[in-house]
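*Asks:* Below you will find the structure I want to go over with you.
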Amino acid sequence: MVGNGMAGVRTLEELLKIAPDVYDITVFGAEPHANYTRILLSPVLAGEMTIRDIMLNDVDWYEKNKVGLHLGKKIVKIERGARKVVAADGTAELYDRLLLATGSNPFILPVPGKDLEGVITYRDIGDTNAMIAASKKYRHAVVIGGGLLGLEAANGLKLRGMNVTVVHLMEWLMERQLDCTAAQLLRQSLEAKGLQFLLQKQTAEIVGNENGRVRAVRFEDGSEIAADLVVMAVGIRPNTELAESAGLHCSRGIVVNDTMQTFDPKIYAVGECAAHRGTAYGLVAPLFEMAKVCANHLANFGIGRYAGSVTSTKLKVTGIDLFSAGDFMGGAGTEDIVLNDAQGGVYKRIVLRDNRVVGAVLYGDTVDGSWYFQLLRDRQNVAEIRDHLMFGQNHLGNTGHQGQSRAVAMADAMEVCGCNGVPKGVIVKAIKEKGLFTLEDVRKHTKASSSCGSCTGLVEQILASTVGGAYQPQEAKLKPMCGCTDHTHEEVRAAIRDGLFEGKRLLSISAAMRFLEWRTPNRCASCRPAINYYLICAWPHRAKDDPQSRFINERAHANIQKDGTFSVVPRMFGGMTTPDQLRRIADVADKYKIPTVKVTGGQRIDLLGVKKEDLPAVWRDLDMPSGHAYAKALRTVKTCVGSEWCRFGVQDSTNMGIELEKALWRMYAPHKVKMAVSGCPRNCAESGIKDVGVIGVDSGWEIYVAGNGGIKTEVAQFLVKVKTREEVLEYAGAFLQLYREEARYLERTVHYVRRVGLDTVKKKIVEDAESRKALWARLQYALEGEPDPWKERAAGKDRVEYETLETAEA
Amino acid sequence: MAAVMAELRWIKVCQLEDIPELGARVVRRPGGDIAVFRNAGVECFALLDRCPHKGGPLSQGIVFGKSVACPLHGWTIGLEDGCAEAPDVGCTRMFPVKVESGEVLLQLSD
Numbered sequence: 016m017v018g019n020g021m022a023g024v025r026t027l028e029e030l031l032k033i034a035p036d037v038y039d040i041t042v043f044g045a046e047p048h049a050n051y052t053r054i055l056l057s058p059v060l061a062g063e064m065t066i067r068d069i070m071l072n073d074v075d076w077y078e079k080n081k082v083g084l085h086l087g088k089k090i091v092k093i094e095r096g097a098r099k100v101v102a103a104d105g106t107a108e109l110y111d112r113l114l115l116a117t118g119s120n121p122f123i124l125p126v127p128g129k130d131l132e133g134v135i136t137y138r139d140i141g142d143t144n145a146m147i148a149a150s151k152k153y154r155h156a157v158v159i160g161g162g163l164l165g166l167e168a169a170n171g172l173k174l175r176g177m178n179v180t181v182v183h184l185m186e187w188l189m190e191r192q193l194d195c196t197a198a199q200l201l202r203q204s205l206e207a208k209g210l211q212f213l214l215q216k217q218t219a220e221i222v223g224n225e226n227g228r229v230r231a232v233r234f235e236d237g238s239e240i241a242a243d244l245v246v247m248a249v250g251i252r253p254n255t256e257l258a259e260s261a262g263l264h265c266s267r268g269i270v271v272n273d274t275m276q277t278f279d280p281k282i283y284a285v286g287e288c289a290a291h292r293g294t295a296y297g298l299v300a301p302l303f304e305m306a307k308v309c310a311n312h313l314a315n316f317g318i319g320r321y322a323g324s325v326t327s328t329k330l331k332v333t334g335i336d337l338f339s340a341g342d343f344m345g346g347a348g349t350e351d352i353v354l355n356d357a358q359g360g361v362y363k364r365i366v367l368r369d370n371r372v373v374g375a376v377l378y379g380d381t382v383d384g385s386w387y388f389q390l391l392r393d394r395q396n397v398a399e400i401r402d403h404l405m406f407g408q409n410h411l412g413n414t415g416h417q418g419q420s421r422a423v424a425m426a427d428a429m430e431v432c433g434c435n436g437v438p439k440g441v442i443v444k445a446i447k448e449k450g451l452f453t454l455e456d457v458r459k460h461t462k463a464s465s466s467c468g469s470c471t472g473l474v475e476q477i478l479a480s481t482v483g484g485a486y487q488p489q490e491a492k493l494k495p496m497c498g499c500t501d502h503t504h505e506e507v508r509a510a511i512r513d514g515l516f517e518g519k520r521l522l523s524i525s526a527a528m529r530f531l532e533w534r535t536p537n538r539c540a541s542c543r544p545a546i547n548y549y550l551i552c553a554w555p556h557r558a559k560d561d562p563q564s565r566f567i568n569e570r571a572h573a574n575i576q577k578d579g580t581f582s583v584v585p586r587m588f589g590g591m592t593t594p595d596q597l598r599r600i601a602d603v604a605d606k607y608k609i610p611t612v613k614v615t616g617g618q619r620i621d622l623l624g625v626k627k628e629d630l631p632a633v634w635r636d637l638d639m640p641s642g643h644a645y646a647k648a649l650r651t652v653k654t655c656v657g658s659e660w661c662r663f664g665v666q667d668s669t670n671m672g673i674e675l676e677k678a679l680w681r682m683y684a685p686h687k688v689k690m691a692v693s694g695c696p697r698n699c700a701e702s703g704i705k706d707v708g709v710i711g712v713d714s715g716w717e718i719y720v721a722g723n724g725g726i727k728t729e730v731a732q733f734l735v736k737v738k739t740r741e742e743v744l745e746y747a748g749a750f751l752q753l754y755r756e757e758a759r760y761l762e763r764t765v766h767y768v769r770r771v772g773l774d775t776v777k778k779k780i781v782e783d784a785e786s787r788k789a790l791w792a793r794l795q796y797a798l799e800g801e802p803d804p805w806k807e808r809a810a811g812k813d814r815v816e817y818e819t820l821e822t823a824e825a
Numbered sequence: 002m003a004a005v006m007a008e009l010r011w012i013k014v015c016q017l018e019d020i021p022e023l024g025a026r027v028v029r030r031p032g033g034d035i036a037v038f039r040n041a042g043v044e045c046f047a048l049l050d051r052c053p054h055k056g057g058p059l060s061q062g063i064v065f066g067k068s069v070a071c072p073l074h075g076w077t078i079g080l081e082d083g084c085a086e087a088p089d090v091g092c093t094r095m096f097p098v099k100v101e102s103g104e105v106l107l108q109l110s111d
């Protein structure tokens, strides 16, 4: 591999991960350092980090992975015929495959004086050190170029005590990332930090003194400013010198195809040096996507294509929050939503086209940058959330992190992830030390946001503020189901519904996996339960349910507890019970020495601490139906007492709840389903935070859907008002069937409805009677004859699941 | 000396078909339960039924390939070495196990 930067080494890491033994790898790096993250040079210059902090892979890493490393050796020649590379000092190596990751070179203005001492660019550790050294000896710095890099350099030099002027050719700063208003705010805050700006100034000459060192910068208009140090940050050019000398086709970079192959099939190129579909990327996230694809092909797997990237930018100047993505300037056919608080230093502009976000510029408050970027990449229709789009995703005030919503304001010791007890400092440290760039990586290494996920927004913020523009939110829509396949949830469902394998319907996991060309026959713990659900949902009574592909709770029909015992929640339709049932529950608790009996939030009784081997007998003695409190299925229908007793009640909510629960119990779903029925708008059953909530009013029933009382309280949305109990059943059932058929596995109704939009749901449930009736009929068909799992097991089914083995000697 | 000489014997625990494919059975034992796993074929693996993370019963997890996902917090434990998949760290004890003419045999050293 030629080039020892981030893109190249990331490719090696990916390659070593999937095919460690395919190649003997040798790396040539022109710099005398091992692999470091170039993005964090700015904090080094600003004195906020040290070189040691920004190393990604030290020399030991190369040794450990048996990667040969030539540091400080620049390859000057590729002999393609002989498949050999030669370094400036004569070192040569042969190759079977060559990976070019030569990065880019800073562009140097072709003005007189450009070679004077004290005129430098800003690209690597050497440049950074030169700037730090100069800042100790000299006073006046001029940075040519008011882009991202130039401003970061200027900020760093200012913090190092120099008097800094930024010279920019264009009308406003960072014109490739910001509109004029945001740039003005940026300029004001940088001026407040003591930087000076000269805009619309074209550099004509760099003037030296008698010692050959820079003394001043002179402009086209004849004016001049003093300078002891000139930093050129006017852009980068892909470094194609070597590739061109070897006769590889180059145009704005080394031209590569979607598999990162150059015109010589034995030679690949990744990173800033590569031109893919006419674009050379200068940000790190696209480089990592390229690395993944390239490694896959180098490993001879031959799957994965790089299809280009949409990029976003964050400026890493401490104390300045700035974000931009996509087409932020707008133009014909676009609309702007703008918030401009000049006094408060907040500016937000969201550019829409056809109700989709196409660009965004945020200044001063960038909390929602990653959310807008996600909307942009997903091309999500925002018509419904348009009126509060500007106010952000607002998902940050969730539980478990002291109500914090702004990561930057948090001290290192403050807890971010309340589930796993991860403080901010630990996350930042892991990101820096381990070179993490994705939410997934952070989750894996720190566990932050990996349990309930409510702090995801905060973790994303921390990631974004630590690695800056390198952070890219996941592209949800294109995301494959899991590592075992490239197919999305939707593709898998469609295949299960429509596909034929060897002329037959796909009715088992193995058939589905073979049809969909799963990479491994029975992986993994996340896709198998999903496929199992999709099968039984698409082919009720026909698909074969696979207990081994169900999580233990659904396999054993009880809830596993932390000590390995189980909990048992018998069903009480509508929350109604009888003295006889209560007596049986009490007897069972005594007989099986069940230590804890508790009333649940869903108005049922929970027996906790039951030994697994006792479960079938417990069920037999209880003689009550399964409460499915363990399953991705209908849990409970919570009710208030309603008009039968309550002096305010206007409808018989209890019996409505019983009817609903009797009609819908045993219904498996993508995730758990909770319902409630209240007998009047006082809503004592809390219908407003249920997957389906029904509220009795004087003239009938209001049906609300997609509420949630969990991590993030979500108020259910009004679906329809109906008159009769039969209609309540039909509408609620049809909605749940739609959810069962369309939601991704493990997606709650709130997330499903948010993804597809309430309007889409209403079209199929409220406006189209035929579709509603068909959905309701399909659900009834699926539930018809579905047995009570407890009753079956009390009678001996799956006995092996509950029995333990003994050794003769025990 | 007698203790040192204690013979390591193979003890029959069940028939192979008593363990579901991609499943497990628990062998009760005073020193801690043992989980005996079976992959999609006829291979068996035996681990102490305690996840190195928080002691979860691995026997109750979903088996895939030659790994099991702990039912409590989803750590992935390799069946061939008893060790957690990176970046998680930790190993649980392994026990020798073999399948002979349809019988699953376990070797217990204590």
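Protein sequence lines correspond, in order, to chains A and B. Position in the first sequence counted from 1, then plus 15, gives you our numbering. Position in the second sequence counted from 1, then plus 1, gives you our numbering. The C-beta atom is built at its ideal place from N, Cα and C for all residues, glycine as well.
#1: Report the start-end ranges of each alpha helix (DSSP H) in the segment 111–195 of chain A that is 4 residues or longer and not cut off at the edges.
#2: Buried or exposed, going by whether 16 or more other CB atoms sit within 10 Å of the CB of A/D602?
#3: Taking C-beta pairs closer than 8 Å, name the residues in chain B that A/T819 reaches, listed in chain order.
#4: Candidates A/R252, A/I726, A/G708: which alpha carbon is nearest A/I123's?
#5: Based on the DSSP output, what are the partners of A/T611 in its beta bridges?
#6: Run the CB neighbour count on A/N670, radius 10 Å, all protein chains shown included, and call it buried at 16 or more, exposed below.
#7: Which of the three DSSP states, helix, strand or coil, is assigned to B/S68?
#8: Which same chain residues end up closer than 7 Å to A/K449 when comparing Cβ atoms and leaving out the 5 residues on each side of it in sequence?
#9: Would you kindly report the start and end of the unbroken beta strand (DSSP E) that includes A/S582?
#10: Who are the Cβ neighbours of A/S523 in its own chain at under 8 Å, not counting the five residues just before and after it?
#11: Take the Cβ of A/N698 as the centre, count every other Cβ of all protein chains shown within 10 Å, and call the residue buried at 16 or more, exposed below.
#12: Pick from A/N19, A/A61, A/T611, A/I69: whose alpha carbon is nearest that of A/V482?
#13: Which value, in whole angstroms, describes the spacing of the CA atoms of B/V98 and A/H556?
#14: Only counting the same chain, and skipping five residues up and downstream in sequence, which positions put a Cβ closer than 8 Å to that of B/E86?
#15: To the nearest angstrom, how far is it from the Cα of A/L377 to the Cα of A/L367?
#16: At the level of alpha carbons, what is the spacing between A/A197 and A/R191?
#17: So, under 8 Å CB-CB, A/R654 and A/G672 are touching, yes? Tell me the CB distance rounded to an integer number of Å.
#18: Whole angstroms is fine: what's the gap from A/R619's alpha carbon to B/G33's?
#19: Leaving aside the five residues before and after A/A242 along the sequence, list all residues of the same chain whose C-beta is less than 6 Å from its C-beta, in chain order.
#20: What are the complete alpha helix (DSSP H) segments, minimum 4 residues, inside the segment 188–265 of chain A?
#21: In the segment 289–319 of chain A, which residue ranges form an unbroken alpha helix (DSSP H) of at least 4 residues, counting only runs that do not cross its ends?
#22: How would you call B/Q16, buried or exposed, if buried means at least 16 neighbouring beta carbons within 10 angstroms?
#23: Run down chain A in chain order and give the residues with a C-beta less than 7 Å from the C-beta of B/V90.
#24: Quick one: is the Cβ of A/H403 within less than 7 Å of any heavy atom of the ligand NAP?
#25: Quick one: list the residues of chain A neighbouring B/V14, beta-carbon separation under 7 Å, in chain order.
#26: Mind listing which residues of the segment 634–659 of chain A have their C-beta closer than 7 Å to chain B's C-betas, in chain order?
#27: Taking all protein chains shown into account, decide if A/K627 is buried (16 or more other Cβ within 10 angstroms of its Cβ) or exposed.
#28: Using 8 Å as the cut-off, can you tell me whether the segment 709–727 of chain A makes contact with the segment 684–697 of chain A, which would need three or more C-beta pairs spanning the two stretches below that distance?
#29: Would you mind listing the beta strand (DSSP E) stretches within the segment 438–505 of chain A that are 3+ residues and don't spill past its ends, in chain order?
#30: Taking 8 Å as the threshold (beta carbon to beta carbon), is B/D19 in contact with chain A?
#31: Measure from the C-beta of A/G579 to each C-beta in chain B and report whether the shortest distance is under 8 Å.
#32: Does DSSP put A/M682 in a helix, in a strand, or in coil?
#33: In chain A, which residues lie with their C-beta within 8 Å of the C-beta of B/L1?
#34: What did DSSP end up calling A/R364 once you bin it into helix, strand or coil?
#35: Does A/Q395 come out as helix, strand or coil in the three-state DSSP assignment?
#36: Our contact map puts A/G694 next to A/V665 with C-beta atoms below 8 Å; I'd like the distance itself, whole angstroms only.
*Replies:* In short, the structure shows the following:
#1: Within the segment 111–195 of chain A, the complete alpha helix (DSSP H) runs of at least 4 residues are 140–152, 163–174.
#2: Taking all protein chains in view, the Cβ of A/D602 is surrounded by fewer than 16 other Cβ atoms within 10 Å, so the residue is classified as exposed.
#3: R26, V27, V28, R29, D34, listed in chain order.
#4: That would be A/R252, whose Cα lies nearest to the Cα of A/I123.
#5: A/T611 pairs with A/L623.
#6: By the 10 Å Cβ count, A/N670 comes out buried.
#7: It is a strand residue.
#8: For A/K449, where only same-chain residues beyond five positions count, the Cβ hits under 7 Å are H460.
#9: Where A/S582 is concerned, the enclosing beta strand (DSSP E) starts and stops at 581–583.
#10: Closer than 8 Å at Cβ, skipping near neighbours: L550, A558, K559, D561.
#11: Buried, because 16 or more other Cβ atoms sit within 10 Å of the Cβ of A/N698.
#12: A/V482 has its Cα closest to that of A/I69, out of A/N19, A/A61, A/T611, A/I69.
#13: Taking the CA atoms as reference points, B/V98 sits about 39 Å from A/H556.
#14: Counting only Cβ-Cβ distances below 8 Å, and skipping sequence neighbours, we find S68, W76, T77, I78, G79.
#15: Linking A/L377 to A/L367 through their CA atoms gives a straight-line distance of about 14 Å.
#16: Rounded to whole angstroms, the gap between the alpha carbons of A/A197 and A/R191 is 12 Å.
#17: What sits at residue 654 of chain A in the sequence shown is Thr, not Arg. Beta-carbon to beta-carbon, A/T654 and A/G672 are separated by about 3 Å, close enough to satisfy the 8 Å threshold.
#18: A/R619 and B/G33: Cα-Cα distance of roughly 34 Å.
#19: The beta carbon of A/A242 sits closer than 6 Å to the beta carbons of H155, V157, V229, A231, V232 from its chain, once the five residues preceding and following it are set aside; these are given in chain order.
#20: Counting whole runs of 4 or more residues, the segment 188–265 of chain A contains the alpha helix (DSSP H) stretches 195–207, 256–260.
#21: Listed in chain order, they are 299–313.
#22: Exposed.
#23: Ordered by position in chain A, no residue passes the 7 Å Cβ test against B/V90, which lies about 11 Å from the chain.
#24: With respect to the ligand NAP, the structure shown offers nothing to examine, as it has no ligands at all.
#25: Those within 7 Å of B/V14 in chain A are L820, T822.
#26: For the segment 634–659 of chain A, which is checked against every Cβ of chain B, not one residue is closer than 7 Å.
#27: Burial call: buried.
#28: By the Cβ test, the segment 709–727 of chain A is in contact with the segment 684–697 of chain A, since at least three Cβ pairs between them sit closer than 8 Å.
#29: Segments of the beta strand (DSSP E) lying fully in the segment 438–505 of chain A: there are none.
#30: With 8 Å as the cut-off, B/D19 counts as an interface residue toward chain A.
#31: So, interface residue.
#32: Assigned with DSSP and collapsed to three states, A/M682 falls in coil, not helix or strand.
#33: The shown model of chain B, from 2 to 111, leaves out residue 1 of chain B, and the question about it has no answer.
#34: In the displayed model, A/R364 falls within a strand according to three-state DSSP.
#35: Here A/Q395 sits in coil by DSSP.
#36: Taking C-beta atoms under 8 Å as the contact rule, A/G694 and A/V665 qualify, at a distance of about 6 Å.
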